[in-house]
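Undergrad: Attaching a single structure in structure tokens format; questions to follow.
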Amino acid sequence: MNGGRRNIRRLTGRVERLGNRLARARHFRGHGVHSPFVYALVREVFMRRGFPAGDRAFYEALRAAGVSARRAAELQNLLHHCGYATFGVNCAEAVELNVLTHEMPAAETLALVHGAEERGATVCLMGPYDSQERTELCRRIAEAHPSTSVDNRGYLLLFNNHLPKQHFRI
Numbered sequence: 013m014n015g016g017r018r019n020i021r022r023l024t025g026r027v028e029r030l031g032n033r034l035a036r037a038r039h040f041r042g043h044g045v046h047s048p049f050v051y052a053l054v055r056e057v058f059m060r061r062g063f064p065a066g067d068r069a070f071y072e073a074l075r076a077a078g079v080s081a082r083r084a085a086e087l088q089n090l091l092h093h094c095g096y097a098t099f100g101v102n103c104a105e106a107v108e109l110n111v112l113t114h115e116m117p118a119a120e121t122l123a124l125v126h127g128a129e130e131r132g133a134t135v136c137l138m139g140p141y142d143s144q145e146r147t148e149l150c151r152r153i154a155e156a157h158p159s160t161s162v163d164n165r166g167y168l169l170l171f172n173n174h175l176p177k178q179h180f181r182i
């Protein structure tokens, strides 16, 4: 009897993951995204290969912090696309785009997310699915977030601007 329960739990987990994949496939290449802002992000940031002309200091800082080349390139493109002038990695200072990695404890992460919300800055939480604790933390943050959030599996973007509360899983 115990083996049957284990199989049911395993099957339930597989069905949940399938639903997650189907939801993400719906927004592949931006199709079905009914937000011009998020559609532009998908097309001009996530799908873009290469860098715009300009400074690569943010890319280099992300690589030094252990972020993969692909994710660092996407975030460099986000910096350029949104026109952010200041950035930080695990930074407690007031910047327009702050990337929070796993080195940041949960309490500090929550404090920095709240501070960015008050200032109108954008926060990027790296690896939202890397552990159960990180997944739960990111889920709670996204639910409480008052503006648009975008989850593309590698990171969770929290925009603190004039956009309505929406959560996109891409």
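In the working numbering, the protein residues as written are 13 to 182. Positions of the beta carbon are idealized from the N, C-alpha and C atoms, including for glycine. Just so we're clear, the structure is a prediction, and the values are computed from it rather than from any experiment.
Once DSSP output is grouped into helix, strand and coil, what is the label at residue 79?
TA: Locating residue 79 in the sequence shown gives position 67, counting from the first residue. Looking at residue 79 - three-state DSSP - the assignment turns out to be coil, as it is neither helix nor strand.
Undergrad: By DSSP, does residue 164 sit in helix, in strand, or in coil?
TA: The count along the sequence shown starts at 1 and reaches residue 164 at position 152. Three-state DSSP puts residue 164 in coil, outside helix and strand.
Undergrad: For the alpha helix (DSSP H) containing residue 113, name the first residue and the last one.
TA: Start at 1 with the first residue of the sequence shown, and residue 113 comes out as number 101. Neither: residue 113 is in no alpha helix (DSSP H) and is coded neither H nor E.
Undergrad: Does the distance from the C-beta atom of residue 159 to that of residue 169 stay below 7 Å?
TA: As a first step, residue 159 must be located in the sequence shown, where it is residue number 147. As a first step, residue 169 must be located in the sequence shown, where it is residue number 157. Result no, Cβ atoms of residue 159 and residue 169 do not sit closer than 7 Å.
Undergrad: Does residue 141 pass the burial test, meaning 16 or more other C-beta atoms within 10 Å, or should it be called exposed?
TA: Your numbering for residue 141 matches position 129 in the sequence shown. Answer is exposed; the Cβ neighbour count stays below 16.
Undergrad: Determine whether the beta carbon atoms of residue 65 and residue 101 lie at a separation below 7 Å.
TA: By 1-based counting over the sequence shown, the position of residue 65 is 53. By 1-based counting over the sequence shown, the position of residue 101 is 89. For residue 65 and residue 101, no; Cβs fall outside 7 Å.
Undergrad: Measuring CB to CB, does residue 172 end up less than 7 Å from residue 129?
TA: As a working note, residue 172 is residue 160 in the sequence shown. As a working note, residue 129 is residue 117 in the sequence shown. Contact: yes.
Undergrad: Taking 8 Å as the threshold, find out whether the segment 84 to 94 comes into contact with the segment 113 to 133 through three or more Cβ pairs.
TA: Not touching, per the Cβ criterion.
Undergrad: Closest to residue 132 by C-alpha separation, out of 181, 116 and 110, would be which residue?
TA: The residue labelled residue 132 in the question sits at position 120 within the sequence shown. Of the candidates 181, 116 and 110, the one whose C-alpha sits nearest the C-alpha of residue 132 is 110.
Undergrad: Residues bridged to residue 178 by DSSP?
TA: Residue numbering aside, residue 178 sits at position 166 when the sequence shown is read from its first letter. Answer is 160, bridged to residue 178.
Undergrad: Check whether the Cβ atoms of residue 152 and residue 163 sit closer than 7 Å, and answer yes or no.
TA: Here residue 152 refers to the residue found at position 140 when the sequence shown is read from its first residue. Here residue 163 refers to the residue found at position 151 when the sequence shown is read from its first residue. The answer is no: Cβ separation not under 7 Å.
Undergrad: Mind checking which residues open and close the alpha helix (DSSP H) that includes residue 57?
TA: Here residue 57 refers to the residue found at position 45 when the sequence shown is read from its first residue. No alpha helix (DSSP H) holds residue 57; DSSP gives it neither H nor E.
Undergrad: Under a three-way DSSP split, which group does residue 98 fall into?
TA: Here residue 98 refers to the residue found at position 86 of the sequence shown. Looking at residue 98 - three-state DSSP - the assignment turns out to be coil, as it is neither helix nor strand.
Undergrad: Of the residues 124, 150 and 135, which one's Cα is nearest the Cα of residue 104?
TA: Walking along the sequence shown from the start, residue 104 turns up at place 92. Comparing Cα positions, the closest option is 124.
Undergrad: With distances taken between CB atoms, is the gap from residue 84 to residue 71 smaller than 7 Å?
TA: As a first step, residue 84 must be located in the sequence shown, where it is residue number 72. As a first step, residue 71 must be located in the sequence shown, where it is residue number 59. Cβ atoms of residue 84 and residue 71: closer than 7 Å.
Undergrad: Using CA coordinates, which residue listed in 82, 60 and 145 is at the minimum distance from residue 119?
TA: In the sequence shown, residue 119 corresponds to position 107, counting from 1. Among 82, 60 and 145, the Cα nearest to that of residue 119 is on 145.
Undergrad: Roughly how many angstroms separate the alpha carbons of residue 150 and residue 178, rounded to a whole number?
TA: Looking up residue 150 in the sequence shown gives position 138. Looking up residue 178 in the sequence shown gives position 166. One C-alpha to the other measures close to 15 Å.
Undergrad: Taking the alpha carbon of residue 74 as the point to measure from, which residue in 60, 117 and 138 has its own alpha carbon closest?
TA: The residue given as residue 74 occupies position 62 in the sequence shown. Checked all of 60, 117 and 138; the closest Cα to residue 74 is 138.
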